[in-house]
Amino acid sequence: MSLLDEIGPLKIEALAELNSANDQAALDRAKGAWLGPQGRFTGLMKQMGSLSKEDRPLAGKAINAAKSELEVALKEARDRIELAGAVPSEPIDFTAPGRRLRVGKLHPLTQVTEDIVKSFRKLGFVVADGPEVEDEYHCFDALNTPVDHPARDAQDTFYVATDSRPLLRTHTSSVQIRVMKTQKPPVRIIVPGRVYRRDTADATHNPTFHQVEGLYVDKGVTVSDLKGTVEFVFRELMGAKTQIRFRPHYFSYTEPSFEIDFANSLTRKMGKDWLEIAGCGMVHPAVLEEVGLDPEEWTGWAFGFGIERIAMLRYGINDIRLFYENDTRFIHQF
Amino acid sequence: MKVTYNWLKEYVDFDWSVEELAERITMLGVEVEGIEQTGGAFEGIVVGQVISRDQHPNADKLTLCKVNDGSRELQIVCGATNFHAGDKVALATVGTAMPVEEGQKPFVIKEGKIRGEVSQGMMCSGKELKLSDDHEGILILPEDAVLGQAFGDHLGAKEKDTVYDLEVTPNRPDLNGVIGIAREISAITGNPLKLPDVDPPESGVEISKAVAIDVKDPDLCPRYNARVIQGVEVGPSPQWLSARLEQVGVRPINNVVDATNFVMMETGQPLHAFDLNLLTEVEGKRTVIIRRASEAEKFTTLDNQEHKLTNDNLLIADSKKGIALAGVMGGANTEINSNTRDVLLETAYFNPQNIRATSKKLGLHTDASYRFERGADIGCVDWVGRRAAKLILDVSGGQLLAGDLDAFPQAPDLKQIVLRYERVNAILGVSIDPVEVNGFLEGLDLELVSQEKSSAAFRIPTWRVDIKREIDLIEEVCRLYGVDKIPSTPPKGCLGENEYDVRHDDIALTRNILTGLGLDEAQGQTLISDQSARLVKEELVELENPLSSDMNVLRPSLMPGLLDSLKNNLVHQSQNVALFEVGRTFAPESKEIRKVAILITGRRYPAFWDDDRGKQDINDLKGVVDQMLELLGIYGVNFNRREVATTLYIESAEIKMGKQSIGQMGQLQPGVGKRFEAREAVYLAELDLDTLLQRRNSSKSFKGLPQFPASERDVAMLVDESVTHSDVLEVVNKVKPDNLVTARLFDVFRGKNVPEGQKSLAYCFTYRSNDKTLKEKEINSAHDVLVKAFRDQLSATIRDT
Chain S
1 MSLLDEIGPL KIEALAELNS ANDQAALDRA KGAWLGPQGR FTGLMKQMGS
51 LSKEDRPLAG KAINAAKSEL EVALKEARDR IELAGAVPSE PIDFTAPGRR
101 LRVGKLHPLT QVTEDIVKSF RKLGFVVADG PEVEDEYHCF DALNTPVDHP
151 ARDAQDTFYV ATDSRPLLRT HTSSVQIRVM KTQKPPVRII VPGRVYRRDT
201 ADATHNPTFH QVEGLYVDKG VTVSDLKGTV EFVFRELMGA KTQIRFRPHY
251 FSYTEPSFEI DFANSLTRKM GKDWLEIAGC GMVHPAVLEE VGLDPEEWTG
301 WAFGFGIERI AMLRYGINDI RLFYENDTRF IHQF
Chain U
1001 MKVTYNWLKE YVDFDWSVEE LAERITMLGV EVEGIEQTGG AFEGIVVGQV
1051 ISRDQHPNAD KLTLCKVNDG SRELQIVCGA TNFHAGDKVA LATVGTAMPV
1101 EEGQKPFVIK EGKIRGEVSQ GMMCSGKELK LSDDHEGILI LPEDAVLGQA
1151 FGDHLGAKEK DTVYDLEVTP NRPDLNGVIG IAREISAITG NPLKLPDVDP
1201 PESGVEISKA VAIDVKDPDL CPRYNARVIQ GVEVGPSPQW LSARLEQVGV
1251 RPINNVVDAT NFVMMETGQP LHAFDLNLLT EVEGKRTVII RRASEAEKFT
1301 TLDNQEHKLT NDNLLIADSK KGIALAGVMG GANTEINSNT RDVLLETAYF
1351 NPQNIRATSK KLGLHTDASY RFERGADIGC VDWVGRRAAK LILDVSGGQL
1401 LAGDLDAFPQ APDLKQIVLR YERVNAILGV SIDPVEVNGF LEGLDLELVS
1451 QEKSSAAFRI PTWRVDIKRE IDLIEEVCRL YGVDKIPSTP PKGCLGENEY
1501 DVRHDDIALT RNILTGLGLD EAQGQTLISD QSARLVKEEL VELENPLSSD
1551 MNVLRPSLMP GLLDSLKNNL VHQSQNVALF EVGRTFAPES KEIRKVAILI
1601 TGRRYPAFWD DDRGKQDIND LKGVVDQMLE LLGIYGVNFN RREVATTLYI
1651 ESAEIKMGKQ SIGQMGQLQP GVGKRFEARE AVYLAELDLD TLLQRRNSSK
1701 SFKGLPQFPA SERDVAMLVD ESVTHSDVLE VVNKVKPDNL VTARLFDVFR
1751 GKNVPEGQKS LAYCFTYRSN DKTLKEKEIN SAHDVLVKAF RDQLSATIRD
1801 T
């Protein structure tokens, strides 16, 4: 049989072997047996020299064509085997829980505080801060608190046991004084922070809690502005359909003073027409005078509320102590 | 304070419903904290009289009756048979809601036909009225029952009324009486205030013949007024009086005391009645002395408690003994009793601060002290005295001695305050007509003393202790105009400015980075126990008046709080805890330092069914700290291992920037861990956040991406245990091999083939040029210099790789 006649049958044999290889090893063996240096196709090439001048180009052409065909088959076989290898050995249960990373959560008080800060910042407010260990001047005197006001009592307020007897601020309003004394108006700040009252811890009290104070001092500031801003902020916080009511009240450092009640689906669910949420008022002229501002020239308003209270209302939390226990089962709910 | 709907109506007219009144009072600034209905049982039921009783034409067991309800004749079908024509009965008219048990549906009497005959009401049995269990027949009333009278009145039941529990703000002592509230209503309705008659008839005998007053301390008692009523008959009060007191929460005692209590609730001015004859008489006269108690003077108040007084307490006394603790409580020795014939009636004004101090010191809080310490009305003392005298005469009989004794050395000048109309608008943001403004203020009995075009001056009555300057008048206008009528204008104004604003965001970023690294945020108590605090620091900020010993210092560190939080989790079977807190810590001299603390323990990742990928170790903590610093843009932080264990840590490092110590991290002492329920290793870190944020470099800039391939060279070397990663980096930084871009530690090994006291460190060094592909030779020559430096400077033995 001539060399030319051998090409066809050998090719068929080689293709069958490549196609029947079911793993990489078998494929490698087949490749070696046919296309390797000692392979049978390589052997054919070596026999080319024995052919006549006329036959040689014909045979070369036929061998090359067969070889490309085998190479295509080899690649296909390799792809087939790789694909087969990639298929998982067992079926996957896509309903089983996946492998998770640990995701940390911000404390709910931080989340609420940030929401409050965000809505105030929309209105051009910036965040200010002040010390928690305060003196009586900033916490009470400068805020027009009567000298014998019960809030000053050691019964209600924590004092530090040093000679100067600083106290733990009972409200963030002390920062009003510090800012107005150091910064020329207009002033437009909010002050989130910790405050302290000497209440034994129970479901609604903790000796430490958080407040946010808002203060705006400028020319021509009125009760109308106060109402507009408060309504904006509380609708942001408690929902667009929240109704806000202002009710005359008394605070020593504002005049007129108001308490703010709100009503929405939440209060209705609690069976209440209105729920108290904040206190506010026009900065008392005595306070402006105390920080060296002329109340004829400058007016302002301030308001304050408890962050825990907002968080408790918003999320339906029934015990303030949960905020300070840091049980991760609690924190992960928000 | 409590008031009732009907009581208010006696002083001012209004046509509001029970709910409207609550709403109006609330919107005036007196919050209604509770509303309670009292009395009013048997409404709609009247005393009726049977005119005729016949057989029902269509039913054997029913009767058909004509009944008079006092004004007309009704036809009523009745099932009972125990009555006759002429009997008086309890007749429920059409529309009456019959008394039912709590929770039952109301049963309302309707006009209807029973077996074809019209029935226009119901004659009630004792059971139907919930008066007895008798349902055999209807209730037959006595013959003298008044036809047409409300059945409730017939029984003497209380009238229907509504009691409001009010929260009066401390600046408005004038609202601690019914008249004060009525005055507010008068101001908004424009209806006149109707004050009671205060002109009691007087006898011919002058009071000065019987009694004298001697105020020793006019500072503490600026006004003392006395009247004497002789020949009273002490006994129970009339029903209207005791009923009214009970409604507002005052226990009736006897007619004289009840009269004084009633007038207190009415006017807000406390009074006291003494049995005059129990005061020491000297030469036919009794002298009331108002003086400070002497030190350690003993006095028994009428609740039979003995008090030891001091010179700071004001005492009402006679010439021999104390008879009342001024403004707080009367004495047991001169109390009104069943034998009392002559009454000394005290109406006074005491210094509020002094009353508050006494009341607090002795723990004695009374309706009187409550009102005096908020500031009573010094101007109304005489008027209230007359009012009370009149009422005592009305309910207890007797005769009022002529005149009164009124020690009132210095009547206060009535304040005058000018109100500029333009300021009203400037503060409230709404334009209110001056006529309307004047109307509001005059409605509150502020007297208009002069009127200019743009302003007016008002005289402030003595009861308005809260009105001190113009802004207080503006507040009154605001209340009466109605804050709900002031328009809300969209927020306007300036851009705020404060240096802290940026810091707030930096802190928020820190929190976000740490949650991103898989930690939960904690918020701990600021007040902790000194015992916990001493784990971290000896110098503490202690409270003078702590609530308890577990909250007696300000936290010097966030770590004790995190350990408490750890415990809270462990006791709830949450074993895998990764927490951080950002918060303030406190050091002496009012230093407040913001810190960030981290605690991790337990499993590294959430539990997974296939494998749990190990427990947290110190390297996890270090990773969190490293990444937090990197993400904040803080460089140049060093970790210096401490040679010895501390109270808190079994193994730890001090964290430094340059020479400044900025924190610490390490593994908790297992003994400390056990105190917080930890059975596994706990890792803690705390850094000074204020300092970190000051050193933050948040600038960012783009560097071109590498264009040429990199080559890596690995080095494994044996070094002494004391050689640290940072020592290795120091050598690298000193040598600065050409084209070296990174040095990465990829293995630390101790054990087989590594001598005791040594460790094997393996590093991968990456070389790359920005200009070209490096040749082997170039890389090798640079790398060889580095390896040699390791040998020379770290005494490293290079291992074959």
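Going down the list, the protein sequences come from chains S and U.
Once you know that position 163 of the first sequence is 163 in this note's numbering, the rest is easy, because the numbers rise by one and skip nothing.
Once you know that position 216 of the second sequence is 1216 in this note's numbering, the rest is easy, because the numbers rise by one and skip nothing.
Here a beta-carbon is modelled for each residue, glycine too, at the ideal position from N, C-alpha and C.
Note that the coordinates shown come from a computational prediction; the quantities given were computed from them, not determined experimentally.
Our contact map puts residue i next to residue j with C-beta atoms below 8 Å; I'd like the distance itself, whole angstroms only.
i, j, result
"R1356/U", "D148/S", "6 Å"
"E259/S", "G279/S", "6 Å"
"T1004/U", "Q1247/U", "5 Å"
"G1518/U", "G104/S", "5 Å"
"L1315/U", "A1326/U", "6 Å"
"D218/S", "T1489/U", "Actually they do not touch by this definition, with Cβ atoms about 13 Å apart."
"Y1767/U", "L1761/U", "Y1767/U to L1761/U, Cβ: 19 Å. No contact."
Applying a beta-carbon distance threshold of less than 7 Å, which residues of chain U neighbour residue i?
i, result
"D148/S", "Q1353 and R1356"
"L106/S", "R1511, T1515 and E1521"
"T267/S", "Ordered by position in chain U, no residue passes the 7 Å Cβ test against T267/S, which lies about 15 Å from the chain."
"P131/S", "S1590 and E1592"
"F323/S", "Q1523"
"Y137/S", "Near Y137/S there are no residues of chain U at all, since even the closest Cβ is about 13 Å away, more than 7 Å."
"I189/S", "G1496 and N1498"
Give the residues of chain U in contact with residue i, contact being defined as C-beta atoms less than 8 Å apart.
i, result
"E255/S", "I1471, D1472, I1474 and E1475"
"I331/S", "D1520, E1521 and A1522"
"L123/S", "P1491 and G1493"
"E231/S", "S1488"
"T299/S", "A1426 and I1427"
"R347/S", "Coverage of chain S is limited to positions 1 through 334, which leaves residue 347/S absent and any answer about it impossible."
Expressed to the nearest angstrom, what Euclidean distance is found between the alpha-carbon atoms of residue i and residue j?
i, j, result
"S1722/U", "L1794/U", "10 Å"
"E325/S", "N1640/U", "33 Å"
"A1317/U", "A142/S", "41 Å"
"A62/S", "D28/S", "24 Å"
"C1078/U", "E1159/U", "29 Å"
"Q116/S", "G271/S", "Per the sequence presented here, residue 116/S reads as Ile, with Gln not at that position. The alpha-carbon atoms of I116/S and G271/S are separated by roughly 26 Å."
"S174/S", "L167/S", "12 Å"
"A1456/U", "E1184/U", "21 Å"
"K1360/U", "L1309/U", "13 Å"
"Q1049/U", "L266/S", "54 Å"
"R1744/U", "L106/S", "33 Å"
"M48/S", "R78/S", "29 Å"
"V1715/U", "V133/S", "55 Å"
"H1154/U", "V230/S", "55 Å"
"N1753/U", "F1790/U", "20 Å"
Identify the contact partners of residue i in chain S, using a Cβ-Cβ distance below 8 Å as the criterion.
i, result
"W1463/U", "Going along chain S, no residue has its Cβ under 8 Å from W1463/U, so there is no contact; the nearest lies around 16 Å."
For residue i, return the contacting residues in chain S, with the cut-off set at a CB-CB distance below 7 Å.
i, result
"R1459/U", "Within 7 Å Cβ-Cβ: nothing; R1459/U doesn't reach chain S, min ~20 Å."
So residue i contacts chain U; which residues on that side make the cut at Cβ distance below 9 Å?
i, result
"M270/S", "Ordered by position in chain U, no residue passes the 9 Å Cβ test against M270/S, which lies about 16 Å from the chain."
"I327/S", "Rather than Ile, the amino acid found at residue 327/S in this sequence is Asp. Correct list: S1565, N1568, N1569, H1572 and S1574."
Exercise for review: Please specify which runs of the alpha helix (DSSP H), each continuous and at least 4 residues long, are wholly inside the stretch 266-299 of chain S, giving them in chain order.
Suggested key: 285-290
Point to revise | Complete runs of the alpha helix (DSSP H) confined to the stretch 9-67 of chain S [at least 4 residues] | key: 24-35 and 40-46
Check your understanding: Which full runs of the alpha helix (DSSP H) of 4+ residues lie inside the stretch 1249-1277 of chain U, going along the chain?
Key -> 1255-1267
Exercise for review: Taking a Cβ distance cut-off of 9 Å, strictly less, list which residues of the stretch 23-44 of chain S are near chain U, in chain order.
Suggested key: none
Exercise for review: Tell me the start and end of each unbroken alpha helix (DSSP H) in the stretch 1365-1394 of chain U that is at least 4 residues and wholly inside, in chain order.
Suggested key: 1367-1374
**Study point:** Positions along the stretch 1533-1548 of chain U whose CB lies within less than 9 Å of some CB in chain S
**Key:** V1541, E1542, L1543, E1544, N1545, P1546, L1547 and S1548
Check your understanding: Which residues, taken in chain order from the stretch 1572-1584 of chain U, show a beta carbon closer than 7 Å to some beta carbon of chain S?
Key -> H1572, S1574, V1577, A1578, L1579 and R1584
Practice item. For the stretch 1315-1341 of chain U, list the beta strand (DSSP E) runs that are entirely contained and at least 3 residues long, ordered along the chain. Key: 1322-1325
Review point. Of all the residues that make up the stretch 204-234 of chain S, which are near chain U by a beta-carbon distance shorter than 9 Å?
Key: N206, P207, T208, H210, Y216, D218, G220, V221, T222, V223, S224, D225, L226, K227, G228, T229, V230, E231, F232 and V233
Check your understanding: Just by C-beta distance, which residues in the stretch 1179-1212 of chain U are closer than 7 Å to chain S?
Key -> none
Check your understanding: Where are the beta strand (DSSP E) runs, 3 residues long or more, that stay fully inside the stretch 1721-1755 of chain U, in chain order?
Key -> 1740-1749
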